[in-house]
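J.: Per our numbering, residue 1 is the first one in the sequence shown, and the count goes up by one each step.
For each residue, glycine too, the CB sits at the ideal point set by N, CA and C.
The structure displayed is predicted, hence computed values, not measured ones.
Quick one: the structure is below, and I'll ask about it shortly.
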Amino acid sequence: MVIAWSAAIAAGAFVFLVAGILMALRTALGRLMLVQASAAAMQQDLHKLTAELSALVQRAEETLQGANQQLQAASRLFEAAGHVGGAIAHTTSAVERVTSVLSESAEQHAKRSAAKRQAGEALEWAELGMAAWQLWQTNRRSACDEHEPVSESVSASKSRDEEHT
């Protein structure tokens, strides 16, 4: 009887063990189904993210192409600005040369004008001096005629003065 009881206990334990294993397998299968559903949801999310990233990458590529075109246009603009700067520098140089020539010409003209003016002033002073000398000579002669008879030295200087006039 002990063996029968032992066999019955062993069979009962085996049934409990199999039932526990079956319940564990059922729980594991439920969890595996949840994991599989989560994996499927993650896969769908991943597909959505991939599509969004693809669209984003495409937009970024278009933006980069537009930026590249704008940079090339700006490069051409800066190149043109460089050419304009060179032209301005060339024009400035030419204007400086023309200004220098005009300045030298004006300076020479002013010097010539000053020299002519000085020559004119010198002639005016010479005329004034000559007029003063003639007036002095005239006054001297009239003063000599009113005084005493002219001596030889006065008559000699008078004749020399007359030679000069």
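According to DSSP, is Met1 part of a helix, a strand, or is it coil?
T.: By 1-based counting over the sequence shown, the position of residue 1 is 1. Three-state DSSP puts Met1 in coil, outside helix and strand.
J.: Can you list, in chain order, the residues of its chain with a C-beta nearer than 7 Å to that of Glu107? Leave out the 5 residues immediately preceding and following it.
T.: In the sequence shown, the residue the question calls residue 107 occupies position 107. Result list for Glu107: empty, nothing under 7 Å.
J.: Roughly how many angstroms lie between the CA atoms of Phe78 and Glu96, to the nearest whole one?
T.: Here residue 78 corresponds to residue number 78 of the sequence shown, with the count starting at 1. Here residue 96 corresponds to residue number 96 of the sequence shown, with the count starting at 1. Going by the C-alpha atoms only, they are around 26 Å apart.
J.: Should Ala106 be flagged as near chain D, meaning a C-beta pair shorter than 8 Å?
T.: Absent here is chain D; the protein component of the structure consists of one chain.
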